[in-house]
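2 protein chains.
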Amino acid sequence: MSSPGSEDELPRNVRLAWGLSGPGTRGPRRGLTLDQVLDAAIAVANTEGFEALSMSRVAKELGFTTMSLYRYVDSKDQLVELAWDRAIGPPPELPSEGSWRERLDAWATAEYRGLRAYRWLTEHPIRTAPYWPNNMRWLDAGLGALSATLLDEDAKVQIVLTISLYVISRARFSWELESSLVDHRLDYPTVMPRILDPEKYPWVLAAVAAGAFDDDEVDDLAAWHEQDFRFGLERLLDGIDVLIGRSEATR
Amino acid sequence: MSSPGSEDELPRNVRLAWGLSGPGTRGPRRGLTLDQVLDAAIAVANTEGFEALSMSRVAKELGFTTMSLYRYVDSKDQLVELAWDRAIGPPPELPSEGSWRERLDAWATAEYRGLRAYRWLTEHPIRTAPYWPNNMRWLDAGLGALSATLLDEDAKVQIVLTISLYVISRARFSWELESSLVDHRLDYPTVMPRILDPEKYPWVLAAVAAGAFDDDEVDDLAAWHEQDFRFGLERLLDGIDVLIGRSEATR
DNA sequence: ATATGTACGTTTATACGATACACAGTTTTA
DNA sequence: TAAAACTGTGTATCGTATAAACGTACATAT
């Protein structure tokens with residue numbers, strides 16, 4: 001059942017990502033490296049968007065045929081996952097001093113900004129169960145931020161995961177807002193009162209009337225989104241603070 | 001600038017969703033209704049998954065040709081969005097008494113379970129800015145749950161949105177876990193210690209060693225996921241509680 | 001030195017997807 | 001009754017992922 005290297009029970013994509021399986025030594029030398037392929041994919045996605053990212057487009061970028069890529073990668077899915085991890089990169093150095101809250105805040109903010117760097121990073125369905133090297137380092141950094149607390153490991157993992165899920169969905173949402181806001185006919189304050197039955201949607205209409213959906217004078221769209229992101233983040237951190245306080249009380 | 005019906009500045013998909021634009025009276029009678037088309041799409045997605053949802057598959061389901069669907073819908077994207085809103089349906093009746101917390105909890109839990117009903121609901125990228133009738137009723141219900149608080153409307157909207165984003169990503173994540181867990185070679189406790197460099201991933205390895213990733217004896221997978229969902233939800237609600245307390249203090 | 005086997009990149013072919021467009025038939029309206 | 005609007009269909013285009021067969025290059029075993 002087991003073969004030479006004990007790593008080969010692992011799926012090929014995992015081995016590839018962690019550099020555990022080099023190509024054989026026989027045969028013609030390779031014209032490319034996996035990283036070159038991934039970089040080409042990243043370049044295409046960065047500049048032309050996720051929907052433009054196709055095997056043929058990447059191959060063209062490299063001056064190779066479409067099918068040649070399959071010598072480096074088993075499927076398009078695999079390529080995208082590996083490219084994603086390479087694109088997001090490792091987390092930045094976090095201040096090793098400071099409260100868990102400051103560190104977790106910095107960590108979440110860095111992830112948010114990373115995902116805001118290029119839209120396609122949020123368009124690809126992110127398997128948040130981290131299996132790839134960089135993704136794993138983000139997880140490690142998040143857990144590290146909580147290392148000084150008295151929480152059990154299970155709770156730490158839950159917290160890091162919860163925040164990460166929130167960050168990802170906020171980043172995606174802000175990107176989507178950005179593209180749909182282009183259509184000015186769709187702004188809430190104008191449309192909703194015309195469409196909604198006050199009997200069925202009283203609270204929405206109340207919020208609209210109170211101006212909750214007015215996006216007045218926005219000069220810096222990115223900063224505006226980040227503020228919304230921060231709102232939820234602070235609620236989460238407040239809630240985690242409550243939990244930590246409780247765990248310290250019963251210490 | 002304005003034409004007969006004042007609604008026609010709105011994009012066609014919005015008009016369709018709210019039933020504001022019927023077909024003209026001239027020409028042959030239609031063989032289908034929009035709702036029939038949507039129901040067929042929902043049936044396909046429910047039973048065969050999101051990736052099986054194609055124009056030709058839906059048409060086949062109805063006994064019509066692929067192109068006939070374009071008489072009811074402008075594009076596949078539009079069909080999916082309308083079908084999504086129809087599939088999720090309106091929110092359930094929430095207890096009109098009870099604290100904001102109980103009501104918001106019930107609301108979030110209902111959304112979570114709705115999204116857990118069929119996987120494809122989380123596979124489709126959800127524009128959480130609610131433009132569709134049912135989606136809008138969910139928003140309304142969420143705002144209603146907060147109506148008795150002293151928060152300003154802006155904060156209410158932020159809160160409802162934040163929770164909704166969290167719910168959606170949790171539902172999606174749990175679905176993804178479910179399909180990737182099938183591959184037992186990939187479970188963390190086995191793989192991680194073999195792969196990770198302890199220098200680079202100390203905290204992850206510590207968590208693994210403490211058993212934070214052991215998914216021992218799970219009889220009811222859905223209940224297990226829902227518990228994880230609840231963890232984050234309670235952190236959020238705790239954080240919102242802090243905010244509400246603050247707003248009442250400065251009342 | 002030579003034979004062998006393996007890995008390389010290419011070519012060709014398949015199957016499926018969304019949707020633009022032209023068409024012929026049907027029903028209402030002027 | 002003629003025109004206009006709308007129906008569903010059939011055909012065609014273009015793009016996608018990827019399976020399979022092929023000839024070539026080259027490290028290793030003999």
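So the protein lines, in turn, are chains A and B.
Position 141, counted from 1, in the first sequence is what full-length UniProt numbering calls 141; the numbers after and before it change by one each time, with no gaps.
Position 2, counted from 1, in the second sequence is what full-length UniProt numbering calls 2; the numbers after and before it change by one each time, with no gaps.
Note that the Cβ used here is the ideal one computed from N, Cα and C, for glycine as well.
Keep in mind that this is a model prediction, so the values were computed, not measured.
- Rounded to the nearest whole angstrom, the CA to CA distance from B/GLU178 to A/ARG116 is 28 Å.
- ALA210, GLY211, ALA212, PHE213, ASP228, PHE231, GLY232: these are the residues of the stretch 210-232 of chain A whose beta carbon lies less than 8 Å from some beta carbon of chain B, given in chain order.
- Close to chain A, meaning a Cβ-Cβ distance shorter than 7 Å, are the following residues of the stretch 152-163 of chain B: GLU153, ASP154, LYS156, VAL157, GLN158, THR162.
- For the UniProt domain "HTH tetR-type" (31-91) of chain A, the beta-carbon criterion of a distance under 7 Å to any beta-carbon of chain B is satisfied by none of its residues.
- A distance of 9 Å or more separates the beta carbons of A/LEU233 and A/THR122.
- Burial state of A/MET136 is buried, judged by a 10 Å Cβ sphere holding 16 or more other Cβ atoms.
- Between B/PHE213 and A/THR162, the C-beta gap is not smaller than 9 Å, which leaves the two residues out of contact.
- The C-beta of A/ALA141 comes closer than 9 Å to at least one C-beta of chain B.
- With respect to chain B, the C-beta atom of A/GLY98 has no partner C-beta closer than 9 Å.
- Burial of A/SER169 is indicated by the presence of at least 16 other C-beta atoms within 10 angstroms of its C-beta.
- By alpha-carbon distance to B/PHE50, the top candidate from B/ASN134, B/TRP132, B/ALA83 is B/ALA83.
- Your pair A/LEU236 and A/TYR166 checks out as a contact, with CB atoms roughly 6 Å apart and the cut at 8 Å.
- Secondary structure note for B/HIS225: its alpha helix (DSSP H) is the uninterrupted segment 221-249.
- Within the stretch 109-184 of chain B, no run of beta strand (DSSP E) at least 3 residues long lies entirely inside it.
- Between B/TYR201 and the set A/THR47, A/LEU151, A/PRO91, the nearest pair of CA atoms involves A/PRO91.
- Among the residues of chain B, none has a CB under 8 Å from the CB of A/ALA108; the nearest is roughly 13 Å distant.
- For the stretch 187-212 of chain A, the set of residues with a beta-carbon nearer than 8 Å to any beta-carbon of chain B comprises VAL191, ARG194, ILE195, LEU196, LYS200, TYR201, PRO202, TRP203, VAL204, ALA206, ALA207, ALA210, GLY211, ALA212, in chain order.
- With contact defined as three or more Cβ pairs closer than 8 Å, the stretch 188-207 of chain B and the stretch 190-207 of chain A are not in contact.
- Contact of A/TRP18 with chain B by beta-carbon distance below 8 Å involves ILE195.
- Secondary structure of B/ARG30 (DSSP, three-state): coil.
- The beta carbon of A/HIS124 sits closer than 7 Å to those of PHE50, VAL80, TRP84, all from its chain and outside the five residues before and after it, given in chain order.
- By the CB criterion at 9 Å, B/VAL44 and B/GLU61 fall inside the cutoff.
- The beta carbon of B/GLY89 sits closer than 6 Å to the beta carbons of ASN134 from its chain, once the five residues preceding and following it are set aside; these are given in chain order.
- A/ALA249 and A/VAL157 have their C-alpha atoms spaced approximately 21 Å apart.
- Counted as a single uninterrupted DSSP element, the alpha helix (DSSP H) harbouring A/GLU81 occupies residues 76-88.
- Short of 7 Å from the beta carbon of B/VAL14, and not among the five residues preceding or following it, lie these beta carbons of its own chain, in chain order: TYR131.
- Measuring C-alpha to C-alpha distances from B/ASP216 to each of B/PHE229, B/GLU226, B/ARG194, B/PRO189 identifies B/PRO189 as the nearest.
- The three-state secondary structure of A/VAL208, taken from DSSP, is helix.
- Rounded to whole angstroms, the Cβ separation of B/VAL58 and B/ALA87 is 14 Å, and the two are not in contact under 8 Å.
- Distances from the alpha-carbon of B/GLN36 to those of B/LEU10, B/ASP77, B/ARG71, B/ASP197 put B/ARG71 closest.
- For A/LYS60, the enclosing alpha helix (DSSP H) begins and ends at 55-62.
- Straight through space, the alpha carbons of B/GLY27 and B/TRP107 are spaced by roughly 45 Å.
- B/GLY142 and B/LEU104 have their C-alpha atoms some 6 Å from each other.
- The C-alpha of B/ASP238 is placed about 22 Å away from the C-alpha of A/SER147.
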